[in-house]
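Visitor: Using full-length UniProt numbering, read the sequence shown as starting at 1 and increasing by one per residue. Below is the structure I would like to discuss, written out as structure tokens.
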Amino acid sequence: MPRKKQFIASQSLEGLYPDLPSFAIKIMSSQSQIEMAAIADVHRHNYYMLFVLIDGVSAHMIDMEQVTLNAGEMGLIVPGQVHLALPEQTGTGWGIAFTADFLPLISLPMTLQGPVRLPGDELESVNQLICLMQKEYNDKKTQAIPLLQHYLSVLLLILQRNNTEAPAGNKSLLIRYRELVAAHYLEWTKPAQYAEALHISVDYLNEVVRQHSGQTASSLITERRVLEAKRLLLHAEESVKEIAWHLQFNEVSYFNRFFKQHTGYTPAAFRESVRDKSLSAPE
1 MPRKKQFIAS QSLEGLYPDL PSFAIKIMSS QSQIEMAAIA DVHRHNYYML
51 FVLIDGVSAH MIDMEQVTLN AGEMGLIVPG QVHLALPEQT GTGWGIAFTA
101 DFLPLISLPM TLQGPVRLPG DELESVNQLI CLMQKEYNDK KTQAIPLLQH
151 YLSVLLLILQ RNNTEAPAGN KSLLIRYREL VAAHYLEWTK PAQYAEALHI
201 SVDYLNEVVR QHSGQTASSL ITERRVLEAK RLLLHAEESV KEIAWHLQFN
251 EVSYFNRFFK QHTGYTPAAF RESVRDKSLS APE
């Protein structure tokens, strides 16, 4: 029986920028960010959002964690993450949005643990590069899309070079696995299902995942399911039973045991705890 229900509103790049639905670039001013924070509700993206802050501060809530970008830093929101722009917006910079199919899979960033600080000389180079991207985006001349793809690839390489948490070595298989988990974690709960889709053995999948992430293939699936449960418990109004059903748990008691095993809380206790914290947070 299908269990597809959108508990948290989703933003698509196609809906925001229909002229070029796989890529967009905009200047972020403190005023535009404040206005966005005032009207935007909690949502999730189906695209990547790269921020480059030139000066000031820009604060966001991403998957229940407050992330504050300072001048000279880059930040990234990946598809599926829950996002809310916070009122603290004094910065100016750039916002670059792109879908997963705009670049080859190997070029796509998987995640980013917090903002990445750029050295002063690289910040200037990045700003110049983005100015070129904006000109190509606005002018829409012949070969604009291939140029934008190359410019964006360079920008992401600079991001990865300055990201001290980035894993070394060839990570293409791990990227493909994470992409599949993000797309199918509700219906595919066993590593064997992903291994079959990738045309490899479960043992080899585990070996590669462990080599590049330090985790097992199974633990990444569990991690993704727990994250989605946390997102829904915090942001959705549906009952614990409805959330359990959405996450493919036939019995709410099994969902309770699963969630407590991996978080130390029952779903109801977690929901009460995080909502109390958000209500008591300082203005």
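Think of the CB as a built atom: it goes at the ideal place given N, C-alpha and C, for glycine as much as any other residue.
Under a Cβ-count criterion, where at least 16 other Cβ atoms within 10 Å of its own Cβ denotes burial, should residue 264 be classed as buried or exposed?
Guide: So residue 264 ends up on the exposed side.
Visitor: Does the Cβ of residue 250 have 16 or more other Cβ atoms within 10 Å, making it buried, or fewer, making it exposed?
Guide: So residue 250 counts as exposed.
Visitor: Which whole-angstrom value is the C-beta distance of residue 191 and residue 208, which I expect to be below 8 Å?
Guide: With 8 Å as the limit, residue 191 and residue 208 do not qualify as a contact, their Cβ atoms being about 11 Å apart.
Visitor: How should residue 45 be labelled, buried or exposed, when 16 other C-beta atoms within 10 angstroms of its C-beta is the threshold for buried?
Guide: Per the 10 Å Cβ criterion, buried.
Visitor: Per DSSP, what kind of secondary structure is residue 101 in: helix, strand or coil?
Guide: In the structure shown, residue 101 sits in a helix (DSSP, three-state: H, G or I).
Visitor: Identify which residue in 225, 271, 266 and 234 has its Cα closest to the Cα of residue 246.
Guide: Cα-wise, what sits closest to residue 246 is 225.
Visitor: Once the 5 residues before and after residue 121 are set aside, which same chain residues still bring their CB inside 7 Å of it?
Guide: If we look at residue 121 and ignore the five residues flanking it on each side, it has no Cβ neighbours.
Visitor: With burial defined as no fewer than 16 other Cβ atoms inside 10 Å of the residue's Cβ, what is the status of residue 194: buried or exposed?
Guide: By the neighbour-count rule (16 or more Cβ atoms within 10 Å), residue 194 is buried.
Visitor: On the three-state DSSP scale, how would you describe residue 250?
Guide: Three-state result, residue 250: coil.
Visitor: I'd like to know if the region 43-59 and the region 71-85 are in contact, where contact means that at least 3 CB-CB pairs between them fall below 8 Å.
Guide: These segments touch.
Visitor: Using only CA atoms, which one of 102, 100 and 94 lies nearest to residue 284?
Guide: For the chain, the structure presents residues 1 to 283; residue 284 sits outside this window and is missing.
Visitor: I'd like to know whether the C-beta atoms of residue 114 and residue 57 end up nearer to each other than 8 Å.
Guide: The answer is no: Cβ separation not under 8 Å.
Visitor: How big is the Cα-Cα spacing for residue 41 and residue 84?
Guide: Approximately 7 Å between the Cα atoms of the pair.
Visitor: Taking DSSP's pairing of strands, which residues face residue 61 in a bridge?
Guide: 66 and 84.
Visitor: My parser needs the alpha helix (DSSP H) runs of 4 or more residues fully inside the region 176-204; what are they?
Guide: Segments of the alpha helix (DSSP H) lying fully in the region 176-204: 191-198.
Visitor: My understanding is that residue 22 touches residue 139, with C-beta atoms under 8 Å, so please give their C-beta distance in whole angstroms.
Guide: Wrong, their Cβ atoms sit about 17 Å apart, outside the cutoff.
Visitor: Helix, strand or coil: how does DSSP classify residue 24 here?
Guide: If DSSP states are grouped into helix, strand and coil, residue 24 belongs with the strands.
Visitor: Do the CB positions of residue 216 and residue 262 come within less than 8 Å of each other?
Guide: Not closer than 8 Å, so no.
Visitor: Can you check DSSP and say which residues form a bridge with residue 96?
Guide: Residue 96 is bridged to 25 and 50.
Visitor: Are the beta-carbon atoms of residue 82 and residue 158 separated by less than 8 Å?
Guide: Not a contact, by the Cβ cut-off of 8 Å.
Visitor: Just to confirm the assignment, what range does the alpha helix (DSSP H) spanning residue 120 have?
Guide: Where residue 120 is concerned, the enclosing alpha helix (DSSP H) stretches over 120-139.
Visitor: How many Å lie between residue 170 and residue 199 at the Cα?
Guide: Confidence at residue 170 is low in this model, with a pLDDT of 45, below 50, so the placement of that residue is unreliable and no value is reported for it.
Visitor: Taking all protein chains shown into account, decide if residue 267 is buried (16 or more other Cβ within 10 angstroms of its Cβ) or exposed.
Guide: Buried, by the Cβ-count rule.
Visitor: Which class does residue 143 belong to by DSSP, given the choice of helix, strand or coil?
Guide: In the structure shown, residue 143 sits in coil (DSSP, three-state: anything other than H, G, I, E or B).
Visitor: Which whole-angstrom value is the C-beta distance of residue 10 and residue 60, which I expect to be below 8 Å?
Guide: Contact doesn't hold; Cβ gap of about 17 Å is too wide.
Visitor: Helix, strand or coil: which one does DSSP assign to residue 160?
Guide: Three-state result, residue 160: helix.
Visitor: Would you kindly work out how many angstroms separate the C-alpha atoms of residue 89 and residue 206, rounded to a whole number?
Guide: If you take the alpha carbons of residue 89 and residue 206, they lie about 42 Å apart.
Visitor: Rounded to whole angstroms, how far is the Cβ of residue 13 from the Cβ of residue 99, which I believe are closer than 8 Å?
Guide: That belief holds up - the Cβ atoms of residue 13 and residue 99 are roughly 6 Å apart, short of 8 Å.
Visitor: Could you give the DSSP three-state label for residue 219: helix, strand or coil?
Guide: In the structure shown, residue 219 sits in a helix (DSSP, three-state: H, G or I).
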